[in-house]
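Engineer: In my numbering, the protein residues as written are -16 to 420. Yeah, the Cβ is synthetic: ideal placement off N, Cα and C, and Gly gets one too. Below you will find the structure I want to go over with you.
Given below as C-alpha cells:
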C-alpha cells in the first residue's frame, strides 16, 4: 500500500527531534565539520601501531591520480616488488601507461565482440545495457592485467611515462565511450542484416580508429627499450634493445598462470569456482575466475605468501571506514550509527546482495602483524601517491580485512588440496551485473 507523508507526521518527527537537547549539539558539530569528522573515533590510533611482524622491504609508492587503474597499478606493484627482490632494486618501477594503452585496444575489441554476439537482443536488454555501460571504462580485474602482461609484456616507467590523459582519464574515457556506443549501433544493424563482410570491415575500421584515439591520447608504446638501472648497492646495469615481452620473460621469475583469485562472497555458494567472462579484455587471454571460500582462507593464504617474501594483490571496498590523512582502515573509525542514533549494520552477504558492498579498489599487501597466531593488522601499499596515508602506506585492522576485503590473489600452492581440486572444476558463469563485478 502507498503511504502519503502528512504534515502531521512531519510535525511529530520535529517534536521528537527537538525533545532531546543533545540532538542540537550533535547537529551543530556535524554541520560544522561534516558527519565523518564529527563521528571520528580517535581510539583507533591506539590499536593501529604500524609495526609488523612480517614486512616486505618497500620504499616508494606509485600514484594512479585521477584514474580507475588501481587493478593495473596493484598488479604491476606485485611484479615490481618481485623484480626488486630478485635484482636488489626495490625502487624500480614499471610503466602503467604502457599496459593501459593495450587495455584500451583489447577492451574495445572485446566490447565490439559482445555487441555483435547480443545483436539479436533489444537495446534495453539487461545484458546489452551492461556492455554499453562498460564502454570506455578504466576499472578491471587481476586476470585482465595478467592477460595484458602475458601478451604485451611490461616496460620500465621511464620507457613510457605517465601523461595527462593517463593521470586524468575522464576526458579520454568519455570520448572513447561515446565513439564505442555509436559503433555499437552500426555493428548491431550489420549483424541483424546478416552482412558478415560489412560487419568485419566495420569492426576493423572501428578498431583502427580506437588505436588512433589511444595513440593521440596516451602515445604509442615502445617496441624496444634499453634497460638501465642502479641496484640498491649502487651497481650499474644496462641491457640494450629489449622487447617488452623479452624483458618480462627474462627478468621476472613468475608464472602468472599459477595465481588464483580467492574471493569471499557469502551471498554466493562457498567452495565454488565462478567465471566472469563479460569483463575479459583480451580474446584468448586469462579467464576471470574466482574461487569462493570462507574468509579465514584468504587471510591464511595471504600470510603464507607474505612470509615467502611476495606481495599480495587484494580487492576491497576502500571507501568504507577509511581515513586518507592517516591511512587508517578500521571498522570502528567512524561511529555514524552512534552519531545518528540508528542501526545500519549489515552482514557482508547483505551488503553484497543490496549493492552496498562492492570491490571498489585494488591495493597491495606488503606486511602483516601477528601475535601468537592472532592477526592484529596489515600493512597496505596503496597507489594514491606519498601524500596520502603514511608516505602512501595504509594500516588495516583484521576486522576491516574481514568485512571489506573480497579478493586476494595468491599462488595456488597456498591452497588446500580440496581447493586445488576445485580449480579444475567447471566454473559457474556469472552475469555481467553480478555482485562480484
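Skipping 5 residues on each side, what residues in its chain have a beta carbon closer than 7 angstroms to that of residue 298?
Structural biologist: Same-chain partners within the cutoff: 342, 345, 389, 390.
Engineer: If we count the other Cβ atoms within 10 Å of its Cβ and call it buried at 16 or more, is residue 387 buried or exposed?
Structural biologist: Counting Cβ neighbours within 10 Å, residue 387 comes out buried, since at least 16 surround it.
Engineer: Indicate whether residue 380 and residue 313 have their beta-carbon atoms separated by less than 8 angstroms.
Structural biologist: Cβ distance < 8 angstroms, so residue 380 and residue 313 count as in contact.
Engineer: So, with DSSP's three-state summary, where would you put residue 81?
Structural biologist: If DSSP states are grouped into helix, strand and coil, residue 81 belongs with the helices.
Engineer: State the Cα-Cα distance for the pair residue 418 and residue 367, rounded to the nearest angstrom.
Structural biologist: Each residue's alpha carbon lies about 25 angstroms from the other.
Engineer: Of the choices 275, 262, 376, whose alpha-carbon is the least far from that of residue 93?
Structural biologist: Nearest of 275, 262, 376 to residue 93, Cα basis: 262.
Engineer: Using the C-alpha atoms, what's the distance from residue 316 back to residue 112?
Structural biologist: Roughly 37 angstroms separates the two Cα atoms.
Engineer: Specify whether the segment 160 to 179 and the segment 61 to 81 touch according to this definition: at least 3 beta carbon pairs, one from each stretch, less than 8 angstroms apart.
Structural biologist: Output reads no: the segment 61 to 81 does not touch the segment 160 to 179.
Engineer: Please give the ranges of any beta strand (DSSP E) in the segment 228 to 300, keeping only runs that are unbroken, at least 3 residues long and fully inside the region.
Structural biologist: Listed in chain order, they are 242 to 246, 255 to 258, 272 to 275, 295 to 299.
Engineer: So, under 8 angstroms CB-CB, residue 95 and residue 186 are touching, yes? Tell me the CB distance rounded to an integer number of Å.
Structural biologist: Right, the Cβ-Cβ distance comes to about 5 angstroms (below 8 angstroms), so this counts as a contact.
Engineer: On the three-state DSSP scale, how would you describe residue 213?
Structural biologist: Here residue 213 sits in strand by DSSP.
Engineer: Which whole-angstrom value describes the C-beta separation of residue 79 and residue 62, a residue pair presumed to lie in contact below a C-beta threshold of 8 angstroms?
Structural biologist: 11 angstroms between Cβ atoms; not a contact.
Engineer: For the alpha helix (DSSP H) that contains residue 70, what are its first and last residues?
Structural biologist: Where residue 70 is concerned, the enclosing alpha helix (DSSP H) stretches over 53 to 70.
Engineer: Between the beta-carbon of residue 81 and the beta-carbon of residue 97, is there less than 8 angstroms?
Structural biologist: No, the pair does not count as a contact, with Cβ atoms beyond the cut-off.
Engineer: Go through the segment 318 to 378 residue by residue and report every complete run of the alpha helix (DSSP H) that reaches 4 residues or more, in order.
Structural biologist: Here the runs fully enclosed are 319 to 323, 331 to 337.
Engineer: Along the chain, where does the alpha helix (DSSP H) containing residue 159 start, and where does it finish?
Structural biologist: Residue 159 -> alpha helix (DSSP H) spans 153 to 175.
Engineer: Within the 8 angstroms Cβ cut-off, does residue 173 reach chain B?
Structural biologist: Structure shown: chain B not included; a single protein chain is present.
Engineer: Using only CA atoms, which one of 306, 322, 398 lies nearest to residue 28?
Structural biologist: With distances taken between Cα atoms, residue 28 lies closest to 306.
Engineer: Can you find the residues in the same chain that come closer than 8 angstroms, C-beta to C-beta, to residue 126, ignoring five residues on each side of it along the sequence?
Structural biologist: Closer than 8 angstroms at Cβ, skipping near neighbours: 244, 263, 268, 269, 270, 271, 272.
Engineer: Tell me the DSSP bridge mates of residue 311?
Structural biologist: Looking at the DSSP assignment, residue 311 forms a beta bridge with 306, 378.
Engineer: Checking the sheet assignment: what are the DSSP bridge partners for residue -14?
Structural biologist: For residue -14, which the question treats as bridged, DSSP gives no partner whatsoever.
Engineer: Looking at the structure shown, is residue 208 part of a helix, part of a strand, or coil, going by DSSP?
Structural biologist: Reduced to three states, the DSSP call for residue 208 is strand.
Engineer: What is the rounded straight-line gap between the Cα of residue 274 and the Cα of residue 420?
Structural biologist: The straight-line gap from Cα to Cα measures roughly 14 angstroms.
Engineer: Please name the residue, chosen from 318, 360, 260, 99, that lies closest to residue 411 on a Cα-to-Cα basis.
Structural biologist: The option with the nearest alpha carbon to residue 411 is 260.
Engineer: Distance, Cα to Cα, residue 66 vs residue 295?
Structural biologist: In a straight line, the C-alpha of residue 66 is about 14 angstroms away from that of residue 295.
Engineer: Excluding the 5 residues preceding and the 5 following residue 83 in the sequence, name in chain order all residues of the same chain whose CB lies nearer than 7 angstroms to its CB.
Structural biologist: If we look at residue 83 and ignore the five residues flanking it on each side, its Cβ neighbours are 52, 55, 149, 201.
Engineer: Exposed or buried, which one is residue 242 when buried takes at least 16 other CB atoms within 10 Å?
Structural biologist: Label assigned to residue 242: buried.
Engineer: Rank 304, 310, 232 by C-alpha distance to the C-alpha of residue 328 and give the top, closest one.
Structural biologist: Here the closest residue by C-alpha is 304.
Engineer: Taking only runs of the alpha helix (DSSP H) that begin and end inside the segment -5 to 56, which ones reach a length of at least 4 residues, in chain order?
Structural biologist: Here the runs fully enclosed are 5 to 16, 18 to 21.
Engineer: Counting Cβ pairs, one atom from each stretch, are 3 or more of them under 8 angstroms apart for the segment 21 to 37 and the segment 352 to 364?
Structural biologist: With a cut-off of 8 angstroms, the segment 352 to 364 and the segment 21 to 37 count as touching, because enough Cβ pairs lie within range.
Engineer: For residue 130 and residue 159, what's the separation of their Cα atoms in angstroms?
Structural biologist: Those two C-alpha atoms are separated by around 21 angstroms.
Engineer: Hey, out of 45, 223, 157, whose CA is closest to residue 196's CA?
Structural biologist: Comparing Cα-Cα distances from residue 196 to each of 45, 223, 157, the minimum goes to 157.
Engineer: When DSSP labels each residue in this structure, what does residue 225 get in the three-state scheme?
Structural biologist: The answer is strand: DSSP assigns residue 225 an E or B state.
Engineer: What does the alpha-carbon distance come out to for the pair residue 222 and residue 168?
Structural biologist: C-alpha separation (whole angstroms): 48 angstroms.
Engineer: Rounded C-beta distance between residue 132 and residue 365? I'm assuming under 8 angstroms.
Structural biologist: The Cβ separation is near 21 angstroms, so there is no contact.
Engineer: Among 141, 21, -14, 280, which one has its Cα closest to the Cα of residue 393?
Structural biologist: Cα-wise, what sits closest to residue 393 is 280.
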